[in-house]
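**Q**
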Amino acid sequence: MPNGIVVIDIILSTQYRLSRVHSTGQDYQIYNRVILFGAYGDQGNAKFIEGFGANEFIVESNTGAFQFRKQTSNPVMLYNFDKFKVIGDYRGFGPQIRSWVSFTIVPFGLHINYEYDVFNCRLRDCDASYGQEIEVYNSTELGINTDIEFYDRDVRTISRQRNILGERQKLSPTPPQEGLTQQILETL
Amino acid sequence: MAKYWVGVTSDWHDANNWATTSGGAGGAGVPTASDDVYFNSNGQDLVSAATSIVCNNFTLESNSSHIFLMLYQGGIINGDFIQHEGYFAPLGGGGYVLEFKGNWLYDGGTFSVGTGIGVDPTCLFSGINKTFVNNNLAAASFQNFSVTGTYEFSGTRLSVATIFQGLDISGVMTIKGVAQNINRIDLKGGPFTLSGTIDGGGRFFYWYKDNSIMPISGTIKCRYFRFYIAGSDNKPLNADLNVDGWSNINQDWAYEGVEPWIDTNNGDVSCIVLPSVSGSIGLYDEEYTIENVSTNDSPYTSVDITKVKIHLVGKLVAGTGGIATLVMIKGYLWDGVVWQDGGNAIITGTSYSDRTCSTSLHIPIDTLSKLNTLKLKLEVGDVIDGGLDKGYVVITHAYVEVEGTAYYNQLVILNARSYDIPCEVEIEYNNDGQIFRLDSNARHYFNKLTIHCDSADVDTAEFDCATKNAEMWCNGKFDIYENAFPSAVFTLKLGNGVHVFRQTIDFYFSYSSGSATQLVVDPGEGTIVLWPKGRQI
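Those protein sequences? They're chains A and B, same order as listed.
Position one of the first sequence corresponds to residue 1 (our numbering), numbered consecutively onward.
Position one of the second sequence corresponds to residue 189 (our numbering), numbered consecutively onward.
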C-alpha cells in the first residue's frame, strides 16, 4: 500500500434491533411497513440482530450489504414478512441480502442465484417460507432479473449442498416501477 | 477604587457605610460603576439596597458569612461576581434586572433569587467569552434567567444553575462537559425562548411540564438535552352531569306511580299533579340516565370525590283551587348496586329556581366507574299546604353536581424542531403511566434519541407519535437505554407517518430488566425507512 496506509472498510456499520429478546421471553414486534433504503451513491450497510415482523418489507438500494441474523436456539426469533419486495438497481450489483452466521440448522428456502451476475440483487440464505408474497423487480429496464430458486423449507442444508425439491422458478422481469421509497422521501 | 463594606447602617446607598480599606473609616462614598466592592468580616450583617446598585467587581469574601445582602431593585455588576460566603438575595417581585457583565463564581454561601408579588427578578448574563462557575455545595437558584452574551457554565456541582421560571437565550450558553464530568443546567419552568445557541459537552435538563413549549428557533447542539417528564397528574373535577334528555323546559316527566296519587299533565305542560293530601306520598317517577364525566386527554384514571349532589330546577304551579307552599322531592342515585338516598330538594315558589338535594353522595359514589354509570330517580315526598287542589310541581331540569379531583396519566407534548449534531435528546420517564407525545403533524429532526427510565415504580410508559401524526427523522441512534425500564411495559406508538432512521435502532432494555419489562410497538399504518449511513462513493 502506498505510504503504508491500511484501509479497513467497515462492512456492516449500522445495527437494528427492532424487537427485544430477554432471558425469560421475547418481545416480538410487528411493524406495518419497513423500508430498507440505500440512496444513490450511499453505500450504507446494516444488520438486523433480532427477528421482527412486518406487513411489508421493501429493500431498495443500489448497493450495500444487509444481513439478518438467523434465529438462535433460544429464544427463537424469525423475520416474518407478509410481503417482501426487493428493488434492485442497474448501476451496481444491487443490495446483498443474506442471513448471518449462526447456530441454526433451519434451512432457508429462498435463494437467488447470483452467480449469473445478471441480477442486481443478491438474496442469499433467506427463509421465504413465511412470506405470502415475494416480489423482485428492477428499477429500470436496464436491469435484468436473475433466476430465483425456491427451496422447500424442510430441505436440509448439508455441507453447503442444497437439495432442490421444487422446480426452479424463473421470474420474468417486470416493467420498471417508480421507486416507492423515493416517493416517500421526496416529501421529506 | 476598592470599596469595603463597613456598614453601620444597612443602607448600600449610604456613603458612610463604605471605606477605601478593609475595616477602614467610613465615608468613602457609594460604589460607582468603576469601583470594586468587597464584603468581609467588617460591617453590619444586613445590607439592603432599596434602589439599583452598580459596581465593577463584586466580592463576598470567605470571611463574610455574616453578610445578608438584600437587593430590591437589581443593578449592574460590570466586572466579575465572586461569592465565597454570605447570603446573596435578590428579593422577589419588582420585575427588575440584575445584570452580570463579567465572570460569575460561586463557591460558598448562598445565592438565591427570591419570589414575590409580580414579576420576579431576571439575572442577565451579558458578558462576552465569560465563565459561570458554581463550585459550591449548594445549587444556585434563579427565577428568570437571560443570556445575551457568551458564557460557559461549569463547576464541581452536577447542576450548576437551577432556573425556576423562565429562560431566554439570545447569546450562547455553553454547558461544560468533559468525559464523565457532565455539568447541567436545570430549567424547571417556562417560558423558554431561544434565538441563540446552547452548546457544549454538558446536559440541558428540562423539567418538561404540561405547559412547557420548546422554542422552535435557535440552535441546540449541546451534547445532551434531556426531557424529564414532569407533567401534572391531576386537576380539579368540577362537573355538572346532565340528566340525559332532560335539559329543556318541555321535557316530560312521565308517570310511573300508583294511581291516583301522582299524575302528570302529559303534553303542553310537563308537571306532576299533586294529590289533595298533605304529608309524604312516597311514590316515585321513572329513572333517568346521566351523562358521563367528560373525557380528558389523557383519560382520567381515577377520581377523589368530595361532593355529589343532585340539583333540580323546578317551580310550583297553582291549580284551580290552590297551590302548595312547599313540595319535597327526594333524589336517588344508582351506584351500580343500590339506590343511594340523596336527600330532599325543597321546591317552593312559582318561578324556576335551582334547588339542591340535601345529601352529598360522594362517600358511596367514590369511583369514576360509579360516576359514569349513575342513574337518577325522583320521588315526591311531603306536600305542605295548598287546600284541596294543591296544584302542580314542574321539574324542568336536573343535573348532578360533582366536585373533587380527577387523576390521569401524565401527558406532555413536544412540538417539532431540530436538534443538531452532536445533541442526544433524552426522554426520561420517572412516574407511572407517563405519556410523551410528539406534536404538530410535523417532522421532528433528532440527532440521537434515547429513552430513559430507571424507576421501578413505572409500570407503563408510552411514546406517542400516533395521535398527532408526528414523524421522526433520527440522524443518529434511536435507543432505549440499556438499563431502562426495570419493570415496565413500554409502548411505542408509531402512527401513520413516515419515520426515517439513519443510524442504529436499538430497542433493547437489558437482561436484568426481567420479564415484567416489555416492549410493545403499535405500528399504525405508517412506514419506517431504515436508511443506514454509509460512505459516499
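From the three backbone atoms N, C-alpha and C, an ideal C-beta is built for every residue, glycine too.
Does any residue of chain B have a CB that is nearer than 7 Å to the CB of GLY51/A?
**A** Along the first sequence, read from residue 1 onward, the residue named residue 51/A stands at position 51. With 7 Å as the cut-off, GLY51/A does not count as an interface residue toward chain B.
**Q** Examine chain B for any beta-carbon lying closer than 7 Å to the beta-carbon of SER34/A, and answer yes or no.
**A** Within the first sequence, the letter at position 34 stands for residue 34/A. According to the sequence displayed, residue 34/A carries Val and not Ser. With 7 Å as the cut-off, VAL34/A counts as an interface residue toward chain B.
**Q** Give a yes or no on whether 7 Å exceeds the smallest Cβ distance from VAL717/B to chain A.
**A** Within the second sequence, the letter at position 529 stands for residue 717/B. True, the Cβ-Cβ gap to chain A drops below 7 Å.
**Q** One question on the structure: do GLN96/A and ALA65/A come within less than 7 Å of each other, judged by their Cβ atoms?
**A** If you number the first sequence from 1, residue 96/A lands on position 96. If you number the first sequence from 1, residue 65/A lands on position 65. Yes, the pair counts as a contact, with Cβ atoms nearer than the cut-off.
**Q** Which residues of chain A have a Cβ atom closer than 9 Å to the Cβ of GLY714/B, listed in chain order?
**A** The residue you call residue 714/B lines up with position 526 of the second sequence. Those are TYR31, ASN32 and ARG33, listed as they occur along chain A.
**Q** CB-CB under 6 Å to ILE351/B, same chain, minus the five flanking residues each way: which ones, in chain order?
**A** Position 163 of the second sequence holds residue 351/B. Within the same chain, ILE351/B has close Cβ partners PHE330, PHE333 and LEU375.
**Q** Using beta-carbon positions only, say whether ALA207/B and TYR192/B come within less than 7 Å of one another.
**A** One-based indexing of the second sequence puts residue 207/B at position 19. One-based indexing of the second sequence puts residue 192/B at position 4. Taking 7 Å as the Cβ cut-off, ALA207/B and TYR192/B qualify as a contacting pair.
**Q** Alpha carbons only, please: which of ILE601/B, GLN261/B and ILE535/B is nearest the one belonging to TYR200/B?
**A** Locating residue 200/B in the second sequence gives position 12, where the first residue counts as 1. Residue 200/B is actually Trp in this sequence, not Tyr. Of the candidates ILE601/B, GLN261/B and ILE535/B, the one whose C-alpha sits nearest the C-alpha of TRP200/B is GLN261/B.
**Q** Are the CB atoms of PHE393/B and VAL613/B within a distance shorter than 7 Å?
**A** Working through the second sequence from its first residue, we reach residue 613/B at position 425. Working through the second sequence from its first residue, we reach residue 393/B at position 205. Result no, Cβ atoms of VAL613/B and PHE393/B do not sit closer than 7 Å.
**Q** For ILE639/B and chain A, any beta-carbon pair shorter than 7 Å?
**A** The residue given as residue 639/B occupies position 451 in the second sequence. So, not an interface residue.
**Q** Checking contacts by CB at 7 Å: is GLN706/B closer than that to chain A?
**A** Working through the second sequence from its first residue, we reach residue 706/B at position 518. Output row for GLN706/B: interface = yes.
**Q** Count the other CB atoms within 10 Å of the CB of VAL588/B; is the residue buried (16 or more) or exposed (fewer)?
**A** Working through the second sequence from its first residue, we reach residue 588/B at position 400. Buried, since its Cβ has 16 or more Cβ neighbours within 10 Å.
**Q** Is the number of C-beta pairs between the stretch 596-605 of chain B and the stretch 566-581 of chain B that are closer than 8 Å three or more?
**A** no
**Q** Among the candidates ALA203/B, SER222/B and VAL225/B, whose CA atom is the shortest distance from the CA of GLY215/B?
**A** Taking the first residue of the second sequence as 1, we reach residue 215/B at position 27. The candidate whose alpha carbon is nearest that of GLY215/B is ALA203/B.
**Q** Tell me the DSSP secondary structure of GLY131/A in three-state form.
**A** Here residue 131/A refers to the residue found at position 131 of the first sequence. Confidence at GLY131/A is low in this model, with a pLDDT of 41, below 50, so its placement is unreliable and the value that follows should be read with caution. In the structure shown, the three-state DSSP call for GLY131/A is coil.
**Q** State the DSSP-derived secondary structure class of LEU279/B, mapped to helix, strand or coil.
**A** As a working mapping, residue 279/B is identified with position 91 in the second sequence. Looking at LEU279/B - three-state DSSP - the assignment turns out to be coil, as it is neither helix nor strand.
**Q** Could you check which residue in LEU312/B, ASN323/B, ASN663/B and PRO309/B has the C-alpha nearest to that of ILE270/B?
**A** Start at 1 with the first residue of the second sequence, and residue 270/B comes out as number 82. The shortest Cα separation from ILE270/B among LEU312/B, ASN323/B, ASN663/B and PRO309/B belongs to ASN323/B.
**Q** Based on Cα-Cα distance, which residue from THR477/B, GLY217/B and ALA277/B lies nearest to LEU248/B?
**A** On the second sequence, position 60 is the one that residue 248/B refers to. The shortest C-alpha separation from LEU248/B is found at ALA277/B.
**Q** Taking buried to mean at least 16 other C-beta atoms within 10 Å of its own C-beta, is GLU50/A buried or exposed?
**A** Indexing the first sequence from 1 puts residue 50/A at position 50. Counting of Cβ neighbours within 10 angstroms places GLU50/A among the buried residues, the total reaching 16 or more.
**Q** With 7 Å set as the bound, which would you pick, yes or no: does the beta-carbon of VAL646/B sit closer than that to a beta-carbon of chain A?
**A** For this step, residue 646/B is matched to residue 458 along the second sequence. Not an interface residue.
**Q** Return the chain-ordered list of same chain residues with a C-beta closer than 7 Å to the C-beta of TYR696/B, the five sequence neighbours on each side being excluded.
**A** Against the second sequence, residue 696/B aligns to sequence position 508. These residues qualify, in order along the chain: ILE668 and GLU670.
**Q** Any idea if LEU325/B is buried or exposed, counting beta-carbon neighbours within 10 angstroms, 16 or more meaning buried?
**A** To locate residue 325/B, count along the second sequence from 1; it is residue 137. Counting Cβ neighbours within 10 Å, LEU325/B comes out exposed, since fewer than 16 surround it.
**Q** Mind checking which residues open and close the beta strand (DSSP E) that includes SER557/B?
**A** Walking along the second sequence from the start, residue 557/B turns up at place 369. Where SER557/B is concerned, there is no enclosing beta strand (DSSP E), although the alpha helix (DSSP H) it sits in stretches over 556-559.
**Q** With DSSP run on the structure shown, which of helix, strand or coil describes ALA349/B?
**A** As a first step, residue 349/B must be located in the second sequence, where it is residue number 161. Here ALA349/B sits in strand by DSSP.
**Q** Alpha carbon to alpha carbon, how far is PHE288/B from PHE313/B? Give it in angstroms, no decimals.
**A** Residue mapping note: residue 313/B aligns to position 125 of the second sequence, counting from 1. Residue mapping note: residue 288/B aligns to position 100 of the second sequence, counting from 1. Cα to Cα, the separation comes out at about 5 Å.
**Q** Note down the Cα distance separating ASN205/B from VAL225/B, rounded to an integer number of angstroms.
**A** If you number the second sequence from 1, residue 205/B lands on position 17. If you number the second sequence from 1, residue 225/B lands on position 37. ASN205/B and VAL225/B: Cα-Cα distance of roughly 12 Å.
**Q** Kindly list the residues whose CB is nearer than 6 Å to the CB of ARG20/A, restricted to its own chain and excluding five residues on each side of it in sequence; keep chain order.
**A** Sequence index remark: in the first sequence, residue 20/A carries index 20 (1-based). ASP27.
**Q** Thinking just about the alpha-carbon of each residue, which of ALA649/B, ILE615/B and GLN622/B is nearest to the one in PHE140/B?
**A** A query on residue 140/B cannot be resolved here, the shown segment of chain B reaching from 189 to 725 and no further.
**Q** In chain order, which beta strand (DSSP E) runs of at least 3 residues are fully inside the stretch 658-700 of chain B?
**A** 659-662, 666-668, 677-681 and 686-689
**Q** Compare the Cα-Cα distances from TRP527/B to each of LEU566/B, LEU576/B and LYS423/B and report the closest residue.
**A** For the purposes of this step, residue 527/B is taken as residue 339 along the second sequence, with counting starting at 1. Per the Cα distances, LEU566/B.
**Q** Would you be able to state if there are at least three C-beta pairs under 8 Å between the stretch 288-306 of chain B and the stretch 236-253 of chain B?
**A** yes
**Q** Considering Cα atoms alone, identify which of LYS563/B, LYS495/B and ALA506/B is closest to VAL525/B.
**A** Residue numbering aside, residue 525/B sits at position 337 when the second sequence is read from its first letter. Here the closest residue by C-alpha is LYS563/B.
**Q** Identify whether ASN204/B lies in helix, strand or coil by the three-state DSSP scheme.
**A** Numbered from its first residue, the second sequence carries residue 204/B at position 16. Note: ASN204/B maps to helix in three-state DSSP.
**Q** Give me the chain B residues within the contact set of PHE37/A, using Cβ-Cβ distance strictly less than 8 Å, ordered along the chain.
**A** Counting from 1 along the first sequence, the entry for residue 37/A is found at position 37. Within chain B, the residues near PHE37/A are VAL717, LEU718 and TRP719.
**Q** Please report whether the beta-carbon of PHE695/B lies at a distance below 7 Å from any beta-carbon of chain A.
**A** As a first step, residue 695/B is located in the second sequence; it is residue number 507 there, counting from the start. Flagged as an interface residue toward chain A: PHE695/B, by a C-beta distance shorter than 7 Å.
**Q** Would you mind giving the Cβ-Cβ distance between THR489/B and TYR595/B, rounded to the nearest angstrom? I have them listed as a contact below 8 Å.
**A** For the purposes of this step, residue 489/B is taken as the residue at position 301 of the second sequence. For the purposes of this step, residue 595/B is taken as the residue at position 407 of the second sequence. In this structure THR489/B touches TYR595/B by the C-beta definition: roughly 6 Å separates them, less than 8 Å.
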